[in-house]
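*Asks:* Read top to bottom, the protein sequences are chains A and B.
Offset between the first sequence (1-based) and this note's numbering: plus 5.
Offset between the second sequence (1-based) and this note's numbering: plus 5.
Note that the Cβ used here is the ideal one computed from N, Cα and C, for glycine as well.
Number of protein chains: 2
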Amino acid sequence: MRTATRPTMADVATAAGVGIGTVSRVVNGGVNVSEPTRRKVLDVIERLGYRPSHLGAALSRGTPRTVAILIPHLTRPSAVARLAGALAVLDEQGYDTIVCNVDTPEQRDHHLTALTARHRADGVIIVSIRLSRDWLAAFRRGSIPIVTVDAVAAGVPQTLIDDVAGGRLATAHLLSLGHRRIGFIGDTAARAPGPYLGFMSSKSRLRGYRQELAGADIGFDPALIRLGPHDAAVAAELARQLLRLPDPPTAVFAASDTQAMGVLSAAEHCGFPVPDRLSVVGFDDIESTALLNLSTVHQPLEHSGAEAARRLCALLRGAKVRPLRQQLPLRMVQRTSSSLLSRDAPGGGRSHLLPAGPAGPAGPEGTARPARVRSRFSPHAWRRIADVRLPWRLDCHPEGVM
Amino acid sequence: MRTATRPTMADVATAAGVGIGTVSRVVNGGVNVSEPTRRKVLDVIERLGYRPSHLGAALSRGTPRTVAILIPHLTRPSAVARLAGALAVLDEQGYDTIVCNVDTPEQRDHHLTALTARHRADGVIIVSIRLSRDWLAAFRRGSIPIVTVDAVAAGVPQTLIDDVAGGRLATAHLLSLGHRRIGFIGDTAARAPGPYLGFMSSKSRLRGYRQELAGADIGFDPALIRLGPHDAAVAAELARQLLRLPDPPTAVFAASDTQAMGVLSAAEHCGFPVPDRLSVVGFDDIESTALLNLSTVHQPLEHSGAEAARRLCALLRGAKVRPLRQQLPLRMVQRTSSSLLSRDAPGGGRSHLLPAGPAGPAGPEGTARPARVRSRFSPHAWRRIADVRLPWRLDCHPEGVM
DNA sequence: ACCCAGATTGGAATCGCTTCCAACCGGGGG
DNA sequence: CCCCCGGTTGGAAGCGATTCCAATCTGGGT
Chain A
6 MRTATRPTMA DVATAAGVGI GTVSRVVNGG VNVSEPTRRK VLDVIERLGY
56 RPSHLGAALS RGTPRTVAIL IPHLTRPSAV ARLAGALAVL DEQGYDTIVC
106 NVDTPEQRDH HLTALTARHR ADGVIIVSIR LSRDWLAAFR RGSIPIVTVD
156 AVAAGVPQTL IDDVAGGRLA TAHLLSLGHR RIGFIGDTAA RAPGPYLGFM
206 SSKSRLRGYR QELAGADIGF DPALIRLGPH DAAVAAELAR QLLRLPDPPT
256 AVFAASDTQA MGVLSAAEHC GFPVPDRLSV VGFDDIESTA LLNLSTVHQP
306 LEHSGAEAAR RLCALLRGAK VRPLRQQLPL RMVQRTSSSL LSRDAPGGGR
356 SHLLPAGPAG PAGPEGTARP ARVRSRFSPH AWRRIADVRL PWRLDCHPEG
406 VM
Chain B
6 MRTATRPTMA DVATAAGVGI GTVSRVVNGG VNVSEPTRRK VLDVIERLGY
56 RPSHLGAALS RGTPRTVAIL IPHLTRPSAV ARLAGALAVL DEQGYDTIVC
106 NVDTPEQRDH HLTALTARHR ADGVIIVSIR LSRDWLAAFR RGSIPIVTVD
156 AVAAGVPQTL IDDVAGGRLA TAHLLSLGHR RIGFIGDTAA RAPGPYLGFM
206 SSKSRLRGYR QELAGADIGF DPALIRLGPH DAAVAAELAR QLLRLPDPPT
256 AVFAASDTQA MGVLSAAEHC GFPVPDRLSV VGFDDIESTA LLNLSTVHQP
306 LEHSGAEAAR RLCALLRGAK VRPLRQQLPL RMVQRTSSSL LSRDAPGGGR
356 SHLLPAGPAG PAGPEGTARP ARVRSRFSPH AWRRIADVRL PWRLDCHPEG
406 VM
């Protein structure tokens, strides 16, 4: 008869008439074990229904083989993309991934507290959160490696984009189309009453916008700047305010695609056909922008998560990571939401939602050899690039991609 | 001088001149410890920078206090919403959550294998995946509680919606608007050569569609049914096929909002103004549908994740969960992408993207009292138990949560 | 017959905590 | 003055692997 509890390695050893060391060897790849012994042990394992204990192994080994990712506003498409990128790599590398969503500073600290404990995570990926000196010290004291994405941190490997340059890219694009009155819609770090996590990217993109305007000798008009909580509906309202101005902008640069979608909606609402009377440019190039034909600044979101994960894994292997600050390339992706400024404002209302064909969100990435998230695990990501040839066949399953 | 390794409980005990039992007691809420002792121990802990080992505690305790969630196609908005709902609850209940994304059957089995090991996860939430009898048995043998969302499984607590009813809801809506030729666009379970995970919901929604048509005495026209991989661009192409038919449908029901977005795009592309010449109805009511003014069948996505998590937690506390099959309510949300069938097909092109106001994704949930995910994070309830001022411990496990 | 390197094996020591039980302490009641 | 009880404490015994290192077993060389 069986014991009520699940069998342990010792049980297997006894039942097989061997030592626990031997069982351990068999379980872990069976090196240095004679074939007969191996077979015998395997049999017993099967018969007893033995499953190794993750905890036992982890404690003994001294590492949980787990990585945590701390990521704010998980539901935003950009966060999801990063998470997916990181997961694919971590999975492939054999790490469990514990996901910590953060919406408030308290939640952030709560998770950081947990993650700086011993043996909780081998390493941590921190997304879009700027850690205080104290937290950095806490990780260092616990010798828990960390990497960041979209956030700077002294002495920590970081995967970033140049938001200022991105802001310039978008603005330059609009300027090149002849626009002179360009609105900006972005996040405010409004702390009251909502949560305040202090994201910086919107601010930096605004900086880029101003720089580029200045470079073109266009005066900065504060009336064209609207900031609000990161939300499409809010952005729509802000855009409406801009469009109701006596001298409304002919183009709007939104600090994120989500906000740009709000702008599109507001334009529709206010009778400003896009792009004929209003050009719109977003930022991020999230999945849905392709369908909406939104011109946008592409940033390699999924790739950033994957890259951070890879760098963390390197750290965990004890390797050095160079350079500390990894900058990912940006690229302006023009679709049909932005066009040449036309002097005559046609009321017709030709919509920008035109070639709704197989437009994946932006083609192959630009200069810096994006090093596609390789993993066999993300057909989604591939579909994008693989210029979507319709149905059923487009789907590569790059098993053995190296 | 200090040892190179991080201090353990024994180190603290020694340094404080007490036994390890006492240190343990102090760390875990300080019951049955005299105030002076407690203070002394706390001091030493602070001085040594002691942090407890998650693994040590977990192994000793016999449970990792971790829950896993197995979820396919993590990047889809519907998956994200469910994940977020589950995370919020698990977080609050003090569980770590390890997230397993699944895009292929191999990946599914890989993760299932890991999750059925001992001491990996206390319980597992399984989303949209129908487990084979063998896997169910594996979980049972390991006495690892599981719950499912959007998937049936014998003897397992499941949180579902009635997809057939949903299909009928959408179809009935279109019928009530006078439509008679209604197209359907959904997922195919096309297994070759891509991944095949066998989701059922699209099929069930199609069933509902057919039932409703039959109920209205409308013959079923196979030409109006198009199936393809779940993807907006694919859906767009399928919709284009429908619209190019000699006798195109006046309305299309898409099995998901993502696909509906593709349909919208195709309509635009083919010059079928929505809703004037084509009504479109989606399914899910994901975030972005509100902005697009897409009529859709609302299902409580986030809530379903939260509810599943809650039920799993109940299971983990040893409670019974009733009823086994929990059915969440659906609701037709009419926006402006669907309207009365108009005999005259106006070429004007009034767009459906109208009142783009602050329209959150559908109002409060219908009948069943949605039970909002309560406080995403509420660390403080328990603290009064033990006014512990451990430097790291801002929170704790609601031991005796009822 | 003897010796030795190399291949297998066995199992004690460890990892860091929780738990349980025995031991100890101080004081009110008998 | 002794007993008993509740409040504190100390620390041994697990929890279930991994990892050594020593012991045993080969077979080939001398």
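(1) Quick one: using the 10 Å Cβ neighbour count with 16 as the cut-off for buried, is residue 48(A) buried or exposed?
(2) Am I right that residue 302(B) and residue 175(B) are in contact with their C-beta atoms under 8 Å? What's the rounded C-beta distance?
(3) Have a look at residue 11(A) and residue 19(A) and give me their C-alpha separation to the nearest angstrom.
(4) What are the residues that DSSP puts in a beta bridge with residue 258(B)?
(5) Which whole-angstrom value is the C-beta distance of residue 75(B) and residue 314(B), which I expect to be below 8 Å?
(6) Please report the distance separating the alpha-carbon of residue 300(B) from that of residue 268(A).
(7) Go through its chain and collect everything with a Cβ distance to residue 191(B)'s Cβ below 6 Å, but skip five positions before and after it.
(8) I'd like to know whether the C-beta of residue 54(A) is nearer than 7 Å to at least one C-beta of chain B.
(9) Where residue 284(A) and residue 293(B) are concerned, what is the direct C-alpha to C-alpha distance, given to the nearest angstrom?
(10) Under three-state DSSP, which class holds residue 133(A)?
(11) Among 308(B), 166(B) and 159(B), which has the Cα closest to the Cα of residue 89(B)?
(12) What would DSSP say about residue 427(A), mapped onto helix, strand or coil?
(13) Given that residue 102(B) touches chain A, what residues does it touch there, using C-beta distances under 7 Å?
(14) Would a C-beta distance cut-off of 7 Å place residue 43(A) and residue 35(A) closer than the cut-off?
(15) So which residues of chain B does residue 123(A) contact, with C-beta pairs closer than 7 Å?
(16) Check whether the region 216-225 of chain A and the region 241-249 of chain A are in contact - that is, three or more C-beta pairs closer than 8 Å.
(17) Taking any Cβ of chain B, which residues in the region 20-49 of chain A have a Cβ under 7 Å from it, in chain order?
(18) Between residue 270(B) and chain A, is the shortest Cβ-Cβ distance under 7 Å, so that the two count as touching?
(19) So with Cβ pairs under 7 Å, would you call residue 129(B) a contact of chain A?
(20) Residue 333(B) by DSSP, collapsed to three states: which one?
(21) Quick one: Cα of residue 13(B) to Cα of residue 26(A), how far?
(22) So the alpha helix (DSSP H) residue 43(B) belongs to, where does it begin and stop?
(23) Apply the 10 Å Cβ neighbour rule to residue 254(A) and answer buried if 16 or more other Cβ atoms are within range, or exposed otherwise.
(24) Would you mind reading off the limits of the beta strand (DSSP E) that contains residue 150(A)?
(25) For a contact defined as C-beta to C-beta under 7 Å, what are the partners of residue 341(A) on chain B?
(26) Pairing CB atoms from the region 51-69 of chain A with CB atoms from the region 112-125 of chain B, are three or more of them under 8 Å?
(27) Confirm, please, whether the CB-CB distance from residue 333(A) to residue 130(A) is below 7 Å.
(28) Do we get a CB-CB distance below 7 Å when we pair residue 361(B) with the residues of chain A?
(29) Can you pull the chain A neighbours of residue 69(B), defined as C-beta to C-beta under 8 Å?
(30) Going along the chain, which residues of the region 247-274 of chain B sit with their C-beta nearer than 9 Å to a C-beta in chain A?
(31) With a threshold of 7 Å between beta-carbons, can residue 282(A) be considered close to chain B, or not?
(32) Where do the ends of the beta strand (DSSP E) carrying residue 72(A) lie?
(33) Could you check what DSSP says for residue 169(B) in three-state terms: helix, strand or coil?
(34) Looking only at its own chain, which residues have a Cβ that is under 6 Å from the Cβ of residue 221(B), when we skip the five neighbours before and after it?
(35) Any residues in the region 127-156 of chain B with a beta carbon nearer than 7 Å to a beta carbon of chain A? Which ones, in chain order?
(36) Buried or exposed: which applies to residue 40(A), given that a residue is buried once 16 or more other Cβ atoms fall within 10 Å of its Cβ?
*Replies:* Taking the geometry as given:
(1) exposed
(2) 5 Å
(3) 14 Å
(4) 189(B) and 286(B)
(5) At roughly 13 Å, the Cβ-Cβ gap does not stay under 8 Å, so residue 75(B) and residue 314(B) are not in contact.
(6) 20 Å
(7) 207, 211, 232 and 260
(8) yes
(9) 21 Å
(10) coil
(11) 308(B)
(12) Because chain A spans 6 through 407 in this model, residue 427(A) falls outside it and cannot be assessed.
(13) 103 and 104
(14) yes
(15) 11, 56, 57, 58 and 59
(16) no
(17) none
(18) yes
(19) no
(20) coil
(21) 27 Å
(22) 40-53
(23) buried
(24) No beta strand (DSSP E) holds residue 150(A); DSSP gives it neither H nor E.
(25) Result: empty, since nearest Cβ-Cβ is about 11 Å, beyond 7 Å.
(26) yes
(27) no
(28) Note on residue 361(B): pLDDT 36, under 50, position unreliable in the model; the coordinate value appears next. Output row for residue 361(B): interface = yes.
(29) 59 and 60
(30) 263, 266, 267, 269, 270, 271, 272, 273 and 274
(31) no
(32) 71-77
(33) helix
(34) 180
(35) 146 and 147
(36) exposed
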